[in-house]
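Counting from 1 along the sequence shown, just add 162 to a position and that's the residue number in our numbering.
We put the CB at the ideal spot given by N, CA and C, even for glycine.
Below is one structure, written out as structure tokens; the observations come after it.
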Amino acid sequence: MDIKKAKEIINRLSKELQEHNYNYYVLSMPTISDFDFDQKLKELEKLELEFPELKLPDSPTLRVGGEPTKDFKTVSHKYPMLSLSNSYSEQEIRDFDKRVRKLAGDEIEYVCELKYDGVAIGLTYENGFLTQAVTRGDGVQGDDVTNNVKTIRSIPLKLKGNHPDIFEIRGEIYFPIKEFNDLNLKRIEDGEQPFANPRNSASGTLKMQDPKEVAKRPLDCFLYFIPSQHSEFSTHYESLKHAETLGFKISKNIALCKNIDEILEFIDDWDKGRSQLDYEIDGIVIKVNNLKKQRDLGFTAKSPRWAIAYKFKAERAETKLLSVDFQVGRTGAITPVANLNPVQLAGTTVKRASLHNADIIEKLNLHYHDFVFVEKGGEIIPKIVGVNTKLRESNSDKVSFTKICPECGSSLVRNEGESAHYCPNEDKCPPQIKGKLEHFISRKAMNIDSLGEGKIEMLFDHGLVKDVSDLYKLEYEQLIGLEKIIPATESKKEKKLSFKEKTVYNILKGVEESKSHGFEKVLFALGIRHIGETVAKKLSAHFKNIEALENASLDELTEVDEIGDKIAESLIGWFSKPEHKKIVNSLMDSGLNFAIAEIETISKLLDAKSFVVSGVFENHSREELKKLIEQNGGKNIGSISSKTNFILAGENMGPSKKQKAEKLGIPIISESEFEEMIGG
Ligand code: IVH
């Protein structure tokens, strides 16, 4: 095909597919079958591959996700991203209305909107194209999550109609409820921790490093605010209607209200009606409609004076306490959990509620068989917020906190000043062993992502893994067909899951690959109390191998920068246990690194020059670059100071680092300049 023809088809298909996306995701009125849409998208993908120079900046193929981001760039908001002041009662709304009328006059109209429970996002369009999407962060600066946001189908990559050169709009990214439940079910089946609520899954998804993974999740977005100070509109309502014509998804559930009664009616309707929505809302936002009046009312340090959020009350139910269980967490902390007479609350049946710790039980003065009030906040586990003492049985016993671990029988300890009770039997108590295994495989430790919480549980329950060293002894035959039983939920039958060929292959591959991690990661992965990532790095750099570390005295340990008595004592205590030595020896036999790799020197070209490496690079990972620096006689340092010789900067280098480097006059070099420095 000649280029002219290709251009014509690419332009036509892009336009057509954009329109279909808009019809489907914004208007919810598809005019094409999924099959035909996919065919056209494939045709476009094929042509773009053949003629990459013709790909449009807003091509619908971008929705499948671009390149992964290592660290999200921190960006300053042009206008601070403030929050709203919250209110919980009719009286507070009346007070707000009075304040507004006093300051802005009696002629007031309000816009009532739903308060979407998701993640706030600020979108910037330059010359009509989406160029930046930033999370709220601390309100002044947020994370640049543009590549992930581009995968959200209802957010236009290019604006329709007339638009200013620079256009900013804000809204809320949310995870629809049904899809959230499907995702959690899948996560449980895959042995991953389910998300606590749709808001957490939206924020977790937005922070994923690979936009291709984000593209697989059905995030959506309502826009609700245009922050520019000199608007061409006279009301907020008009500005939203205009945003709709630009292609944004604006909720239809908005009302113009003239007085407090109309506002209260809107609140009441949605408090009752919110369970019918396919996304979560946690209240109503009330905004002064007139933009001039908004400007007159202005802002306090934290929030606008022209708006307020009414938060729905957590629903409450009363039921009988049947018994109290004590659960042992992964760190050995004991959590008391109440078993309740089943009761309906916010659309679900509640049978259990968390009691948190001994102090809370004491404060509630809880007795067995008490009638208790249960509330459900944002969390998935409801909590007991009070006792109806009028209904207390006269001879009921007070709930007392257990003295022994319900899992292993050890006597519990409670450290001074801490609210939790702990089981001290860290190596033999089953939930604690699982906790250690989970820490060992976690991303910052050995990063075995083919294993998750659920799979660890299975391996432990089947007796295949009793401590971390057993992971390296796993064999194909032991794993294939291994079964996990997922208990029945209300609607589904009990389910049996078994490891298939691909799962087993991935587990064994992940375990094998983890052997290449350096000593500092292995040391961190062992889960010795108080040995975090940074401490593990310091210790491994200083002692160089495990023998030296193990034999170090308290004085030798505390000589190391930032190592105090607490860390030193924890290390000595850990190494004094024969079972820990056995684990280390076994891991050594399996080939894990217990000494830092001596850096072989290639040249002296960088001659003791110090470098700060920052950002994402094209040809090398940051770790590779740091290694090259050392191999060529240079030094790596963590932060910029007047002693730094060079900043090796990739894409997405933080703006504060850049500023500091410029202020100190330190040369910023690119990856290719660095490559030249070390001889290409
Ligand atoms: S307007 C200047 N409208 O609630 C304030 N916010 O604490 C502009 N939210 O951070 C915000 N639904 O993330 C506005 N219809 C709505 C909203 C909404 C949800 C969130 C937003 C904000 C938080 C307020």
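Contact under 7 Å by Cβ, residue i with residue j
{"i": "Tyr441", "j": "Pro504", "result": "no"}
{"i": "Lys606", "j": "Glu695", "result": "yes"}
{"i": "Leu206", "j": "Leu175", "result": "yes"}
{"i": "Lys771", "j": "Gly796", "result": "yes"}
{"i": "Val547", "j": "Glu537", "result": "yes"}
{"i": "Lys177", "j": "Leu216", "result": "no"}
{"i": "Phe384", "j": "Lys411", "result": "yes"}
{"i": "Phe488", "j": "Thr564", "result": "yes"}
{"i": "Leu265", "j": "Leu459", "result": "yes"}
{"i": "Phe773", "j": "Ile745", "result": "no"}
{"i": "Glu480", "j": "Phe395", "result": "no"}
{"i": "Leu209", "j": "Ile255", "result": "no"}
{"i": "Asn794", "j": "Ser765", "result": "yes"}
{"i": "Val262", "j": "His398", "result": "no"}
{"i": "Ala698", "j": "Leu685", "result": "yes"}
{"i": "Val778", "j": "Lys788", "result": "no"}
{"i": "Phe535", "j": "Arg478", "result": "yes"}
{"i": "Lys706", "j": "Val722", "result": "no"}
{"i": "Pro242", "j": "Gly301", "result": "yes"}
{"i": "Leu767", "j": "Ile693", "result": "no"}
{"i": "Cys570", "j": "Lys590", "result": "yes"}
{"i": "Pro498", "j": "Leu528", "result": "no"}
{"i": "Leu179", "j": "Lys202", "result": "yes"}
Whole-number beta carbon distance between residue j and residue i, since they are thought to touch under 8 Å
{"i": "Tyr472", "j": "Ile443", "result": "The pair is not a contact, with the Cβ atoms about 11 Å apart (cut-off 8 Å)."}
{"i": "Arg332", "j": "Ala295", "result": "That pair is no contact at about 10 Å."}
{"i": "Leu644", "j": "Phe661", "result": "5 Å"}
{"i": "Gly409", "j": "Ile335", "result": "The Cβ separation is near 16 Å, so there is no contact."}
{"i": "Asn451", "j": "Glu330", "result": "Their Cβ separation, rounded to whole angstroms, is 20 Å, which puts Asn451 and Glu330 out of contact at 8 Å."}
{"i": "Asn755", "j": "Gly680", "result": "6 Å"}
{"i": "Pro829", "j": "Thr236", "result": "Going by Cβ atoms, the distance from Pro829 to Thr236 rounds to 23 Å, so no, they are not a contact pair."}
{"i": "Val307", "j": "Phe234", "result": "6 Å"}
{"i": "Gly509", "j": "Lys277", "result": "Actually they do not touch by this definition, with Cβ atoms about 19 Å apart."}
{"i": "Ile422", "j": "Asp259", "result": "5 Å"}
{"i": "Ser238", "j": "Gln303", "result": "5 Å"}
DSSP beta-bridge partners of residue i
{"i": "Ser249", "result": "Tyr472"}
{"i": "Tyr287", "result": "Leu292 and Phe329"}
{"i": "Arg514", "result": "Asn501"}
{"i": "Phe808", "result": "Phe773"}
{"i": "Ile884", "result": "Only positions 163 to 842 of the chain appear in this structure, which leaves residue 884 out of reach."}
{"i": "Gly445", "result": "Lys277 and Lys473"}
{"i": "Tyr336", "result": "Asp382"}
{"i": "His529", "result": "Lys560"}
{"i": "Arg478", "result": "Glu537"}
{"i": "Ile546", "result": "Val536"}
{"i": "Leu483", "result": "Leu502"}
{"i": "Gly304", "result": "Val237"}
{"i": "Ile566", "result": "Ser573"}
{"i": "Glu645", "result": "Ser660"}
{"i": "Ala297", "result": "First, the amino acid is wrong: residue 297 is Thr here, not Ala. Per DSSP, Ile283."}
{"i": "Lys596", "result": "In DSSP, Lys596 forms no bridge with anything."}
{"i": "Thr397", "result": "Asn452"}
Residue i versus the options, residue with shortest Cα-Cα distance
{"i": "Ile610", "options": "Lys683, Gly571 and Pro592", "result": "Lys683"}
{"i": "Ile734", "options": "Lys744, Glu724, Glu718 and Asp458", "result": "Glu718"}
{"i": "Ala495", "options": "Arg576, Ala508, Ala469 and Pro466", "result": "Arg576"}
{"i": "Val447", "options": "Cys570, Lys677 and Tyr250", "result": "Tyr250"}
{"i": "Val561", "options": "Pro586, Cys591 and Asn519", "result": "Asn519"}
{"i": "Leu347", "options": "Leu659, Lys167 and Lys434", "result": "Leu659"}
{"i": "Lys374", "options": "Ser748, Asn309, Asp589 and Thr510", "result": "Asn309"}
{"i": "Ser556", "options": "Pro568, His531, Ser834 and Glu578", "result": "His531"}
{"i": "Asn362", "options": "Lys545, Leu381, Glu588 and Asp259", "result": "Leu381"}
{"i": "Gly491", "options": "Ser465, Ala582, Pro360 and Tyr184", "result": "Ala582"}
{"i": "Phe461", "options": "Asn807, Leu826, Glu619 and Ser247", "result": "Ser247"}
{"i": "Gly299", "options": "Leu368, Arg349, Asn781 and Lys825", "result": "Leu368"}
{"i": "Glu731", "options": "Ile799, Thr720 and Phe197", "result": "Thr720"}
{"i": "Val188", "options": "Gln253, Lys414 and Leu285", "result": "Lys414"}
Cβ-heavy atom distance, residue i to the ligand HEM, below 6 Å
{"i": "Glu400", "result": "The ligand content of the structure shown is limited to the ligand IVH, which means the ligand HEM is not among them."}
contact_flag[the stretch 332-345, the stretch 287-294] where n(CB pairs < 8 Å) is 3 or more: As far as the Cβ criterion goes, the stretch 332-345 does not touch the stretch 287-294, which means the pair count is below three.
contact_flag[the stretch 309-326, the stretch 220-237] where n(CB pairs < 8 Å) is 3 or more: By the Cβ criterion, the stretch 309-326 is in contact with the stretch 220-237, since at least three pairs of Cβ atoms, one from each stretch, lie closer than 8 Å.
Inter-stretch contact (C-beta, 8 Å, three-pair minimum) for the stretch 609-629 and the stretch 512-529: Contact between the stretch 609-629 and the stretch 512-529 is absent, because fewer than three Cβ pairs lie under 8 Å.
Touch test, the stretch 671-689 against the stretch 594-602, Cβ-Cβ under 8 Å, three pairs minimum: Contact holds between the stretch 671-689 and the stretch 594-602, because three or more Cβ pairs, one in each stretch, are under 8 Å apart.
Any 3 or more C-beta pairs closer than 8 Å across the stretch 701-716 and the stretch 618-634: These segments do not touch.
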